[in-house]
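If you read the sequences in order, they're chains A and B.
Here the first sequence is numbered in this note's numbering, starting from 1 and rising by one per residue.
Here the second sequence is numbered in this note's numbering, starting from 215 and rising by one per residue.
Number of protein chains: 2
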Amino acid sequence: MTRAAPIRRGTPKRGRPVDAAKRAAILETARELFFEHGYGIGLETIAVKAGVSRQTIYNLFDSKDDLFAAIVQDTSGQITAALAELSPEATPREVLTALGIGFLTKILSDRAVQFQRLLIGSSASFPTLGPTFYANGPGRGLARLAAFLDRETETGRLAVDDPVLAAEQFFGMLMGHRSMRRTLRIDGEMPEAEIRRRVDSAVSAFLRAYSKPA
Amino acid sequence: MTRAAPIRRGTPKRGRPVDAAKRAAILETARELFFEHGYGIGLETIAVKAGVSRQTIYNLFDSKDDLFAAIVQDTSGQITAALAELSPEATPREVLTALGIGFLTKILSDRAVQFQRLLIGSSASFPTLGPTFYANGPGRGLARLAAFLDRETETGRLAVDDPVLAAEQFFGMLMGHRSMRRTLRIDGEMPEAEIRRRVDSAVSAFLRAYSKPA
DNA sequence: GGATTACTGTACGGTCCTGTCCATGAAATA
DNA sequence: TATTTCATGGACAGGACCGTACAGTAATCC
Chain A
1 MTRAAPIRRG
11 TPKRGRPVDA
21 AKRAAILETA
31 RELFFEHGYG
41 IGLETIAVKA
51 GVSRQTIYNL
61 FDSKDDLFAA
71 IVQDTSGQIT
81 AALAELSPEA
91 TPREVLTALG
101 IGFLTKILSD
111 RAVQFQRLLI
121 GSSASFPTLG
131 PTFYANGPGR
141 GLARLAAFLD
151 RETETGRLAV
161 DDPVLAAEQF
171 FGMLMGHRSM
181 RRTLRIDGEM
191 PEAEIRRRVD
201 SAVSAFLRAY
211 SKPA
Chain B
215 MTRAAPIRRG
225 TPKRGRPVDA
235 AKRAAILETA
245 RELFFEHGYG
255 IGLETIAVKA
265 GVSRQTIYNL
275 FDSKDDLFAA
285 IVQDTSGQIT
295 AALAELSPEA
305 TPREVLTALG
315 IGFLTKILSD
325 RAVQFQRLLI
335 GSSASFPTLG
345 PTFYANGPGR
355 GLARLAAFLD
365 RETETGRLAV
375 DDPVLAAEQF
385 FGMLMGHRSM
395 RRTLRIDGEM
405 PEAEIRRRVD
415 SAVSAFLRAY
425 SKPA
């Protein structure tokens, strides 16, 4: 973890204070270079690009692993945060559309795609990072949608026999091959209009497949 | 590429012949260790595990990159080979089921998942490998299904407005979150019965969504 | 047997990396 | 101003790796 704070926390510090801007520059540059080149990038490269001495990195972080962990944790929080509330009286189409746009926008964003690449590329050395990210992000969204589909089926508006499977199908329809094509560096970011088009198409198809027959 | 054959190809060789078993052992071991640890694994580790001297690797391959390329090319061929023919008189359900089982079995197999991890992890250094693999594998399957959906729509059996998008949706439904969960080392291989269940569910849902209304 | 080629084991040069040490200078507080 | 803390830059040890070189041995063909 990050270097522990000095023992005397409340007492005023007496010398030159830590330059917060340098710390931020290190984090931002390290994120950029870890994302671009993977864990193998050297600390010297990071330090130079951040306009900082390599020693300063060691002043703020215990080790390379520590810096790496800080970035992973921070980025994971950014991506998995803020799952919008489902308003109870919304129609299935509204809920699916909102959930779909949110999901697709996040999971196909540059930051998330680079993050996934990094997690996959270092999954052999850090096998717990991927599962943790998934559980806090996509896994949570999946559970939310599954619960919604279950409720709507009980209410009689939908006819979903296996909510978890259907929820996976919905998210899968949204992504299609795009997630694969993004991580393999084939496609760039998806324009908002295209996201909207894919969500509308998937929502309509999903509702045709799982609406309660009249 | 692999070390060029001697110039005098037809003439009989005169000394000790190359040990084909050693070459095979190197390739198989290198594949295994590249898959497990990524490109960063050392040649010495590969040589020891293959029961071979490190020099022998350099006798058979020009460089580490050369060995890596040989494995990528070979594995890519294995995964992307053998796309079954679509019989023209088969029903959409039959075609989708056959295509779905083949796709899901391959894309979620240990070998293919490890291969994707490797391609993603080394995509910064070797940016063309991923696109090549996709074009020869999943991309080809996508085009095939899109063409089929187009034909069936013209025949009047299906009602698909955007065949490529619908084909992506179908493959996406099959995968759901499974591809992500596999590459992030969350899930293991999927049992055949589970594959069958997911294919059946996705095919049924897809047909409900895209069959021509009566 | 003799010639020729393949494999082994060791060793070396060169590069790069992490993590640490240290001397010097800069920035803040008392 | 004196003191404390932070930042810099250079240097170093230790290790890992790639690619090459070389001498010795094994396997095969003429």
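Quick reminder that beta carbons are idealized off the backbone N, C-alpha and C, glycines included.
Run of the alpha helix (DSSP H) containing residue i, from where it starts to where it stops
i	result
Lys212(A)	It is not in any alpha helix (DSSP H) - Lys212(A) carries neither H nor E in the DSSP assignment.
His391(B)	Careful: His391(B) lies outside any alpha helix (DSSP H) and carries neither H nor E.
Leu231(A)	The structure shown does not extend to residue 231(A), since chain A is modelled only from 1 through 214, so no value can be given for it.
Asp150(A)	138–155
Val48(A)	43–50
Residue-chain proximity (residue i, chain A), Cβ-Cβ < 9 angstroms
i	result
Asp279(B)	no
Gln292(B)	no
Lys392(B)	This sequence places Arg at residue 392(B); Lys is not what is there. By this cut-off, Arg392(B) is an interface position.
Glu368(B)	no
Thr397(B)	yes
Pro341(B)	yes
Ile315(B)	no
Gly386(B)	yes
Phe282(B)	no
Tyr272(B)	no
Leu318(B)	no
Leu356(B)	yes
Leu379(B)	yes
Ala416(B)	yes
Helix, strand or coil at residue i [DSSP, three-state]
i	result
Leu297(B)	coil
Leu241(B)	helix
Phe34(A)	helix
Leu184(A)	coil
Phe275(B)	coil
Buried or exposed by the 16-neighbour rule on C-beta atoms within 10 Å, applied to residue i
i	result
Thr128(A)	exposed
Val262(B)	exposed
Gln55(A)	exposed
Ala166(A)	buried
Ala146(A)	buried
Arg140(A)	exposed
Ala298(B)	exposed
Ser123(A)	buried
Straight-line gap, residue i to residue j (C-alpha atoms, nearest Å)
i	j	result
Arg291(B)	Ala284(B)	Just to set this straight, residue 291(B) is Gly in the shown sequence, not Arg. Whole-angstrom Cα-Cα distance: 11 angstroms.
Gly130(A)	Gly38(A)	15 angstroms
Ala218(B)	Asp276(B)	Summary for Ala218(B): the model assigns pLDDT 49, below 50, so the residue's position carries little reliability; its value from the coordinates is reported in the next sentence. The straight-line gap from Cα to Cα measures roughly 9 angstroms.
Ala90(A)	Asp150(A)	15 angstroms
Thr369(B)	Glu168(A)	31 angstroms
Arg230(B)	Thr289(B)	30 angstroms
Glu242(B)	Ala296(B)	22 angstroms
Gly51(A)	Val72(A)	22 angstroms
Arg31(A)	Leu184(A)	19 angstroms
Tyr424(B)	Thr367(B)	9 angstroms
Glu308(B)	Asp376(B)	21 angstroms
Thr319(B)	Gly386(B)	14 angstroms
Pro456(B)	Ser415(B)	Missing from the structure shown is residue 456(B); chain B here goes from 215 to 428 and no further.
Gly121(A)	Val232(B)	35 angstroms
Pro267(B)	Ala193(A)	Before going on, a small fix: residue 267(B) reads as Ser here, not Pro. The alpha-carbon atoms of Ser267(B) and Ala193(A) are separated by roughly 57 angstroms.
Phe133(A)	Gln330(B)	19 angstroms
Phe282(B)	Ile46(A)	28 angstroms
Met394(B)	Ala373(B)	30 angstroms
Asn136(A)	Ala234(B)	49 angstroms
Ala419(B)	Arg208(A)	8 angstroms
Beta carbon proximity, residue i to chain B, threshold 9 angstroms
i	result
Met190(A)	no
Ser109(A)	no
Asp162(A)	yes
Phe133(A)	yes
Ala124(A)	yes
Ala47(A)	no
Glu36(A)	yes
Gly130(A)	yes
Arg117(A)	yes
Ile258(A)	Any question about residue 258(A) goes unanswered here, given that chain A covers just 1 to 214.
Glu44(A)	no
Glu89(A)	no
Pro92(A)	no
Gln73(A)	no
Closer than 8 angstroms: residue i CB and nearest the ligand GDP heavy atom
i	result
Ala147(A)	The ligand GDP is absent from the structure shown, which contains no ligand whatsoever.
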